[in-house]
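What follows is a set of notes on a single structure, which appears directly below.
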Amino acid sequence: MDAKTVVGRAARASRQALAARGIEVHRTDQGMRRTLPAVLAHLRSRGLHPATVVDVGVGPGTPELYAAFPDATLMLVEPLEEWRGHLEAVARERPAHIAVAAAGREAGEIEIAVHRAPVCSSMLGARRGDPDQPRRAVPVVRLDDLRAEHALAGPFVVKVDVEGGELEVLGGALELLRQTDAVLLEVSLFELVPGAPQLHDVVAWMHEHGFVVGEIYNGHNRLLDGSLAQVDIAFVQEDGRFRRDHAYATAAQSDELYRSWGF
Numbered sequence: 003m004d005a006k007t008v009v010g011r012a013a014r015a016s017r018q019a020l021a022a023r024g025i026e027v028h029r030t031d032q033g034m035r036r037t038l039p040a041v042l043a044h045l046r047s048r049g050l051h052p053a054t055v056v057d058v059g060v061g062p063g064t065p066e067l068y069a070a071f072p073d074a075t076l077m078l079v080e081p082l083e084e085w086r087g088h089l090e091a092v093a094r095e096r097p098a099h100i101a102v103a104a105a106g107r108e109a110g111e112i113e114i115a116v117h118r119a120p121v122c123s124s125m126l127g128a129r130r131g132d133p134d135q136p137r138r139a140v141p142v143v144r145l146d147d148l149r150a151e152h153a154l155a156g157p158f159v160v161k162v163d164v165e166g167g168e169l170e171v172l173g174g175a176l177e178l179l180r181q182t183d184a185v186l187l188e189v190s191l192f193e194l195v196p197g198a199p200q201l202h203d204v205v206a207w208m209h210e211h212g213f214v215v216g217e218i219y220n221g222h223n224r225l226l227d228g229s230l231a232q233v234d235i236a237f238v239q240e241d242g243r244f245r246r247d248h249a250y251a252t253a254a255q256s257d258e259l260y261r262s263w264g265f
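Okay, so the sequence shown: first residue is 3 according to the numbering used here, each after it adds one.
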């Protein structure tokens, strides 16, 4: 038995032993990217360089997103006063605008169900299975209006994590989306909050507005039965820079691959 075979068998045995303990090992340069930093690094290597990053539903922040684009201006939109100090701390470190408000289709006011874990608060109400939650009236702003008010420059990267209200947010950003290269959304496979869109609804809405799935990452399972509950998706423009070539590989790359298969 040669050394390559021995090493291969040992590696398989190690992976199987770890898998039995619920641990999965994979190469970071192959297969599906599983984290936001990996997704952003890949998109950045392919030319993603936004002038403005819009973060809606900031909560404790998205430091990986801010770090990926250190020269971009930030637009931070968060409805809960509990996070104001954090927003102001971010704005002291780099150019940033702050809106302590919810984002929606129309400017005005809305009631938010304030969850005991504030990051789970939603404009749609309480999560299924949770008790009733106190409601709080907060102002609503449109992203298109914020863009005009602060003279925000494109191209944009937009991240939205608002517990089921993502399409309401994007409905007020149709002009901004025309200059957006990537939209980062948390998407649910179940109607975790009554009335919230599910994955098929979000994918259809995004396609209707010129975006398709670019990357899927950060999935997690629900406690009820272990089923996949939510994933994060990076949407890119259907006809944008990241989809100009639909080929799987160059001729040379394909030849090398098939030779490695023994053909």
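Ideal Cβ placement from N, Cα and C applies to all residues, glycine included. Note that the structure is predicted; figures quoted are calculated from it, not measured.
Among the options, the one whose alpha carbon lies nearest that of residue i
i	options	result
ARG129	ALA101, VAL56 and ALA198	ALA198
GLU235	SER123, ARG246, ASN223 and ILE218	First, the residue type needs correcting, since residue 235 is Ile and not Glu in the sequence shown. Considering only alpha carbons, the answer is ILE218.
ALA175	VAL142, GLU90, HIS202 and PRO196	VAL142
ASP57	ALA93, ARG36 and SER47	ALA93
ARG224	VAL205, THR64 and GLU193	GLU193
SER229	LEU78, GLN135 and SER190	SER190
ARG48	THR54, GLY242, ASP257 and SER256	GLY242
VAL140	ARG118, GLU165 and GLU83	GLU83
ALA155	ALA206, SER262 and VAL55	VAL55
VAL233	VAL116, ASP257, HIS209 and VAL162	VAL162
PRO39	ARG138, LEU186 and ASP247	LEU186
TYR68	GLU80, ARG149, HIS44 and GLU95	GLU95
PRO196	GLY59, ASP134, LEU50 and LEU45	ASP134
VAL164	ALA254, GLY59, ARG118 and ASN220	GLY59
ARG245	ALA150, VAL214 and HIS222	VAL214
Chain-order list of residues whose beta-carbon lies under 6 Å from that of residue i (same chain, five-residue window excluded)
i	result
LEU42	ALA70
TYR250	none
ARG86	VAL102
HIS152	HIS99
GLU170	GLY106 and ARG107
MET310	There is no way to answer for residue 310, as the model of the chain reaches only from 3 to 265.
Three-state secondary structure (DSSP) of residue i
i	result
LYS6	A caution first: LYS6 carries a pLDDT of 48, below 50, which makes its placement in the model too unreliable to give a value.
VAL41	helix
GLY87	helix
ALA69	helix
PRO120	helix
LEU154	coil
VAL1	Since the displayed the chain opens at 3 and closes at 265, residue 1 lies outside it and no answer follows.
ARG48	coil
PHE244	helix
LEU126	coil
ARG137	strand
ASP147	helix
LEU230	strand
ALA98	strand
VAL267	The requested residue 267 does not occur in the structure, where the chain is confined to residues 3 to 265.
ALA249	coil
Terminal residues of the alpha helix (DSSP H) in which residue i lies
i	result
GLN255	253-262
GLY266	Any question about residue 266 goes unanswered here, given that the chain covers just 3 to 265.
VAL204	201-210
LEU282	Here the chain comprises residues numbered 3 to 265, so residue 282 is not present and cannot be evaluated.
N-terminal and C-terminal residue of the beta strand (DSSP E) that residue i is part of
i	result
VAL164	Where VAL164 is concerned, there is no enclosing beta strand (DSSP E), given that its DSSP letter is neither H nor E.
MET77	75-79
TYR219	213-223
GLY110	110-115
GLU188	182-190
ASP57	54-58
Beta carbon proximity, residue i to chain C, threshold 8 Å
i	result
GLU108	Reference to chain C is not applicable here, since this structure consists of a single protein chain.
Beta-carbon proximity list for residue i, same chain, < 7 Å, skipping 5 on both sides
i	result
PRO52	PHE71, ALA74, PRO157, PHE158, VAL159 and ASP183
THR64	ASP57 and LYS161
VAL9	With a pLDDT of 49 at VAL9, under the threshold of 50, the modelled position of this residue cannot be trusted; read the value that follows with caution. Excluding positions up to five away in sequence, the list is empty.
Cβ shell of residue i (< 8 Å), same chain only, five flanking positions each side left out
i	result
TYR260	none
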